[in-house]
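Residue numbers (the working numbering): 616 to 1016.
Glycine included, every Cβ here is placed at the ideal spot set by N, Cα and C.
Note sheet for the following structure.
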Amino acid sequence: MSTAPTQPALQEQPGEVPEQRPAAAPGRDRYFDLLRAIALGRVVFYHLFGWAWLPVVFPSMGVMFALAGNLMARSLGKRPAVQVVRGRMRRLLPPLWLLGTIGVSGMLLGGWGPDSEGHPAWWWIHLSFWILPLSDPPYGEGVPGIHGLIGSEWSEQLAVPLWYIRAYLWFVLLSPFLLKALRALPWPTILSPIALSAALEFGWLNVPSWRLDSNLVDFGAFGACWLLGMAHQEGILQRLPRYVVPSLAPVVACIGLWYMLTHGFRPNHDLDDIPFAQSLWSFATVLLLLHFSPSWSEWPRPLRRWDRLVTLFNSRAVTIYLWHNVCIVVAESLWDHLWNVPLLEEHAPWLLESSWPLLVVVWALTACCILAFGWMEDVAAKRRPRLWPDGSGGGRNARHR
616 MSTAPTQPAL
626 QEQPGEVPEQ
636 RPAAAPGRDR
646 YFDLLRAIAL
656 GRVVFYHLFG
666 WAWLPVVFPS
676 MGVMFALAGN
686 LMARSLGKRP
696 AVQVVRGRMR
706 RLLPPLWLLG
716 TIGVSGMLLG
726 GWGPDSEGHP
736 AWWWIHLSFW
746 ILPLSDPPYG
756 EGVPGIHGLI
766 GSEWSEQLAV
776 PLWYIRAYLW
786 FVLLSPFLLK
796 ALRALPWPTI
806 LSPIALSAAL
816 EFGWLNVPSW
826 RLDSNLVDFG
836 AFGACWLLGM
846 AHQEGILQRL
856 PRYVVPSLAP
866 VVACIGLWYM
876 LTHGFRPNHD
886 LDDIPFAQSL
896 WSFATVLLLL
906 HFSPSWSEWP
916 RPLRRWDRLV
926 TLFNSRAVTI
936 YLWHNVCIVV
946 AESLWDHLWN
956 VPLLEEHAPW
966 LLESSWPLLV
976 VVWALTACCI
986 LAFGWMEDVA
996 AKRRPRLWPD
1006 GSGGGRNARH
1016 R
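Spelled out as structure tokens, the structure:
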């Protein structure tokens, strides 16, 4: 997740049969594209259903950071560091600015302002984090929504995904230095974020500022995953004996799982609430996924049916990630109207209480966000804006050339 925008896969020409599909664009790894699509889908499921076991089954955030680190190392190996960092920031920030323009405007219209936090001067300074998210930007907690359309928690949910944007930005800024350290001392560098996470978890390191603390916590939880992605690109993982990763990664994963079960908040034991356990579990999972990486230049036959969906998810990763929480709030508000239908309320309350039908509404609204806001990812990447970039040669893309 990585959520960093990527170049579109090579498009299938109209009338071309699947068996004759050309290879993906040079440099693309369809296995990585599949992992990114699964990670994004899992994030949406988690935020809608709230199942604590989902981050254990597939630690999406660690996977997305690893994929972004791999891409960052590949770019740093080809171009000057300043150019690479500037390019990544250019791809990341415009979609955030679009979200902020709409979201902050809605909060201001709802009565949010400088006096909301009690420190007007700081409010204006903190507002700049919507422009350059080096820390968490402020949001209007409790700002009213639109009755029957948008719930009152929309502003809080709008801000939920922004920690990832902040962490991603810091990883990008630090990557030139991390890559130098990785080449000089590979495994001490890779394991250092886990050591940092342990120091924060056990109180060996006290951080006075919550803004600095949040950055350090995220670096400790996911920094090793970012570095594993870079190490994979640098060939460091490939130099390990083949038996090392399958032997050690499950041990590390079990330690992380044990810590989660013994130190989590009952009854859920959510991995996302325990950064140290997150660091161990994500590290082990990402290590295994990269170790078994098949490096597909084109899809295996059984997966070709998913090509367009995976391509769409990769082309609109930032849009999906930034807007899906708001889509969930809107979907829940709209779904609540069905309780006013007596037939459903009396004979099918189980349907109204279930989140599964709601999932369809969420994805439909997310598709609307892709159409309405996704073009900003193309503008940020200096590509021709497209409404529905699923890699198809005809259809909607062709009609809007």
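Separation of residue j from residue i, as counted between CA atoms
{"i": "Leu764", "j": "Gly757", "result": "16 Å"}
{"i": "Pro994", "j": "Pro957", "result": "The question names Pro, yet the displayed sequence has Val at residue 994. Each residue's Cα considered, the two are about 47 Å apart."}
{"i": "Ala652", "j": "Trp978", "result": "14 Å"}
{"i": "Ala946", "j": "Tyr779", "result": "23 Å"}
{"i": "Pro777", "j": "Asp833", "result": "Here residue 777 is Leu; the residue named in the question, Pro, does not match the sequence. So the two alpha carbons sit approximately 12 Å from each other."}
{"i": "Pro710", "j": "Pro748", "result": "12 Å"}
{"i": "Trp819", "j": "Ala810", "result": "11 Å"}
{"i": "Leu788", "j": "Leu966", "result": "47 Å"}
{"i": "Gly879", "j": "Leu815", "result": "16 Å"}
{"i": "Glu968", "j": "Asp887", "result": "25 Å"}
{"i": "Gly766", "j": "Pro972", "result": "19 Å"}
{"i": "Tyr661", "j": "Gly715", "result": "23 Å"}
{"i": "Ala683", "j": "Trp841", "result": "7 Å"}
{"i": "Pro735", "j": "Ala774", "result": "20 Å"}
{"i": "Arg701", "j": "Ile805", "result": "24 Å"}
{"i": "Cys984", "j": "Val933", "result": "11 Å"}
{"i": "Pro890", "j": "Ala836", "result": "5 Å"}
Start-to-end residues for the alpha helix (DSSP H) that takes in residue i
{"i": "Phe744", "result": "Counting along the chain, Phe744 falls outside any alpha helix (DSSP H), and DSSP gives it neither H nor E."}
{"i": "Asp887", "result": "Element bounds for Asp887: n/a, residue is neither H nor E."}
{"i": "Pro972", "result": "971-988"}
{"i": "Glu913", "result": "Note, Glu913: premise wrong, no alpha helix (DSSP H); not H, not E."}
{"i": "Ser824", "result": "Per DSSP, Ser824 belongs to no alpha helix (DSSP H) and is neither H nor E."}
{"i": "Glu960", "result": "957-962"}
{"i": "Gln772", "result": "769-774"}
{"i": "Gly684", "result": "675-691"}
{"i": "Glu947", "result": "932-950"}
{"i": "His662", "result": "645-664"}
{"i": "His878", "result": "859-878"}
{"i": "Lys997", "result": "Lys997 -> no alpha helix (DSSP H), and no H or E assigned at all."}
Exposure label - residue i; buried when at least 16 CB within 10 Å
{"i": "Leu959", "result": "exposed"}
{"i": "Asn830", "result": "buried"}
{"i": "Asp648", "result": "buried"}
{"i": "Asn883", "result": "exposed"}
{"i": "Trp785", "result": "buried"}
{"i": "Gly1006", "result": "buried"}
{"i": "Thr877", "result": "exposed"}
{"i": "Gly838", "result": "buried"}
{"i": "Trp739", "result": "exposed"}
{"i": "Arg916", "result": "exposed"}
{"i": "Gln893", "result": "buried"}
Cβ shell of residue i (< 6 Å), same chain only, five flanking positions each side left out
{"i": "His939", "result": "Val659, Thr981"}
{"i": "Leu895", "result": "Val867, Ile870, Gly871"}
{"i": "Asn644", "result": "Reading off the sequence shown, one finds Asp at residue 644, where the question assumed Asn. Cβ neighbours of Asp644 beyond the five flanking positions: Ser910."}
{"i": "His741", "result": "Pro753"}
Other residues of its chain near residue i: CB distance less than 7 Å, five sequence neighbours each side excluded
{"i": "Gly755", "result": "Met722, Gly725, Trp727, Ser731, Ser770"}
{"i": "Val719", "result": "Trp745"}
{"i": "Asp607", "result": "Since the first residue of the chain shown is 616 and the last is 1016, residue 607 is not available in this structure."}
{"i": "Asp951", "result": "none"}
{"i": "Pro801", "result": "Ala846, Ile851"}
Neighbourhood of residue i by C-beta, 8 Å cutoff - its chain only, sequence neighbours within 5 removed
{"i": "Glu768", "result": "Gly760, Val944"}
Within-8 Å CB hit, residue i to chain B
{"i": "Leu806", "result": "Protein chains in the displayed structure number just one, and chain B is not present."}
Sufficient close CB pairs (3 or more, under 8 Å) joining the segment 692-704 to the segment 671-679: no
Below 8 Å, can you find three or more Cβ-Cβ pairs linking the segment 983-990 to the segment 999-1007? yes
Quick one: any contact between the segment 789-809 and the segment 845-863, if contact means 3 or more CB pairs under 8 Å? yes
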